[in-house]
Ligand code: CA
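In this note's numbering, the protein residues as written are -18 to 478.
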């Protein structure tokens, strides 16, 4: 090589190294947009035929859609505590919605804050104790209402104060998210912002502009809507979460005025002549439409935030992550609510856009979880992941380099008793192909204890209608999953049921 060419090559190498290290020195901003009870069945990027969610779809088409994001415990507060700590519920202490989060323990926001990140949370917190590890918080009190929500924040002296707001909660959370991005943050620091919606949690109250949206549409009932639970052990038939029998007047907006008054009058007049089946169908239409109307406002808000990221130039170095605290039954098995290890509530949506790192339009089938979120946020920021955390960073997965020793199965546990909707306590393991569930502990029928096992072949029976537990042809699968279940329980330090 001639000296001049050699010099040029050397100079180019130095420039490329310098730019590379410069890039490494600019940690990404993290925008975590989170909703409550939003299932994949209500996101068009996941193939929903009953709603169009163009803004969520934009995250998916410009990034990665995860098809197997499982939650460790399918219920609101506990999922949030898992995300804060990277620990299963029995380790972080927040096992049921009756618990209060011990905010003194190690959490990812505290670790990010110590590393120089600016941390903020706006919207639903739902962990009862005051948020710790955040430079800024403005959070709903408890569940928070759909309109005019009072919120908790800190004044200039650091005192926790209550502030009143007027407006539609979903829109307010979007506006407060934008306000923080535009006006409140320190623009010299990378940020981690959690923008967390109350919607579409019950009792579904749409924005007035959407109250009549889809009035003229008939939403198709899911395939398993009329499930009779005959192929499963007793817990499935003993729940109290059927759209037909267990929805309350409040859930169905039978107590609402405004645009609902006329609709309700029509229903009350028609009801005496309706069959039981027609009433169940009517409940379903009213419920699902209100749920979808609430989702629409979440999607609108995401559109505004994505637009702002583009306009401000923040989009390039901001990773946008969308998830919900768990999945949800939109009429599947005849149900609303969550809690079960069955697919609809075990899964939660996960969409990730990270320009230059995540290939646009990719779909991932790895088993990932909300137990991985804390580790992922820390890894993105270049912060060492504490050894006691029980998940793994998703950063290599985002980049399309899933480690060879990635998990091939997943442990789930629902600990609540007596819980809402009479769902039995259970734990189980799934590898995506098969699922083993053990119902245990007291039944909601006095004096009864559950000790029921179910096994599903998810490829042959994706709707989980027929347990094959104890069938000869599944003996080997059953034995392997039992061993896998035991291994997880030891690894995850499950010391009690
Ligand atoms: Ca929830």
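Glycine included, C-beta positions come from ideal geometry on N, C-alpha and C.
| query | result |
| --- | --- |
| Is residue 402 near ligand 1, judged by its Cβ being under 7 angstroms from some heavy atom? | no |
| Looking only at its chain, what residues have a beta carbon closer than 8 angstroms to the beta carbon of residue 2, apart from the 5 residues adjacent to it on each side? | Bear in mind that the predicted position of residue 2 carries a pLDDT of just 41, short of 50, making it unreliable; the figure below should be weighed with that in mind. Once the five neighbours on either side are set aside, residue 2 has no close Cβ partner at all. |
| Classify residue 249 as helix, strand or coil using the three-state DSSP reduction. | helix |
| To which residues does DSSP link residue 121 through a beta bridge? | 132 |
| Given the structure, does residue 480 come close to ligand 1, in the sense that its CB is under 7 angstroms from one of the ligand's heavy atoms? | What is shown of the chain runs -18 to 478, which leaves residue 480 out entirely. |
| So what's residue 50 in DSSP terms, helix, strand or just coil? | strand |
| Spell out whether any CB of chain D is found under 8 angstroms from the CB atom of residue 140. | Included in the structure is just one protein chain, with no chain D present. |
| By the 10 Å Cβ neighbour count, where 16 or more other Cβ atoms means buried, how is residue 140 classified, buried or exposed? | exposed |
| Which of the three DSSP states, helix, strand or coil, is assigned to residue 272? | helix |
| Leaving out five residues on either side along the sequence, give the residues of the same chain with a beta carbon under 8 angstroms from the beta carbon of residue 245. | 234, 235, 237 |
| Which of the three DSSP states, helix, strand or coil, is assigned to residue 459? | helix |
| For the alpha helix (DSSP H) holding residue 61, just list the boundary residues, first then last. | 57 to 66 |
| If you run the structure through DSSP and keep just helix, strand and coil, what is residue 244? | helix |
| Between residue 20 and residue 159, what straight-line distance do the alpha-carbon atoms span, to the nearest angstrom? | 25 angstroms |
| What residue ranges within the stretch 5 to 42 form continuous beta strand (DSSP E) runs of no fewer than 3 residues, ordered along the chain? | 10 to 16 |
| Where does residue 220 land, buried or exposed, given buried means 16+ other C-beta within 10 angstroms? | buried |
| Identify every residue that forms a DSSP beta bridge with residue 438. | 415 |
| Apply the 10 Å Cβ neighbour rule to residue 169 and answer buried if 16 or more other Cβ atoms are within range, or exposed otherwise. | exposed |
| From the DSSP output, in three-state form, read off residue 407 for me. | strand |
| Taking 5 angstroms as the limit, name every residue whose beta carbon sits nearer than that to some heavy atom of ligand 1, in sequence order. | 17, 18, 57, 306 |
| Do residue 117 and residue 185 have their CB atoms nearer than 8 angstroms? | no |
| With a threshold of 16 other CB atoms inside 10 Å of the CB of residue 76, please say whether the residue is buried or exposed. | buried |
| What's the gap between the Cα of residue 45 and the Cα of residue 345? | 7 angstroms |
| Checking 8 angstroms against the spacing of the C-beta atoms, do residue 190 and residue 127 come in under that value? | no |
| On the three-pair Cβ rule with 8 angstroms, is the stretch 380 to 389 touching the stretch 81 to 91? | no |
| From the DSSP output, read off the bridge partner residues of residue 423. | 430 |
| Residues in the same chain with beta-carbon distance under 6 angstroms from residue 267, minus the five sequence neighbours each way, listed in chain order, please. | 233 |
| Identify whether residue 77 lies in helix, strand or coil by the three-state DSSP scheme. | coil |
| Confirm, please, whether the CB-CB distance from residue 164 to residue 225 is below 8 angstroms. | no |
| Compute the beta-carbon to beta-carbon distance between residue 9 and residue 299, rounded to the nearest angstrom, for a pair I have assumed lies under 8 angstroms. | 6 angstroms |
| Could you please give me the residues that DSSP links to residue 87 through a beta bridge? | Beta-bridge pairing links residue 87 to no other residue. |
| Report buried or exposed for residue 432, applying the criterion of at least 16 other Cβ atoms within 10 angstroms of its Cβ. | exposed |
| Suppose the cutoff is 7 angstroms on Cβ atoms and the five residues either side in sequence are ignored; what does the same chain contact list for residue 92 look like? | 359, 364 |
| Over what stretch of residues does the beta strand (DSSP E) that includes residue 302 continue unbroken? | 299 to 305 |
| By Cβ distance, which residues of its chain are closer than 6 angstroms to residue 147, with the 5 residues on each side in sequence left out? | 129 |
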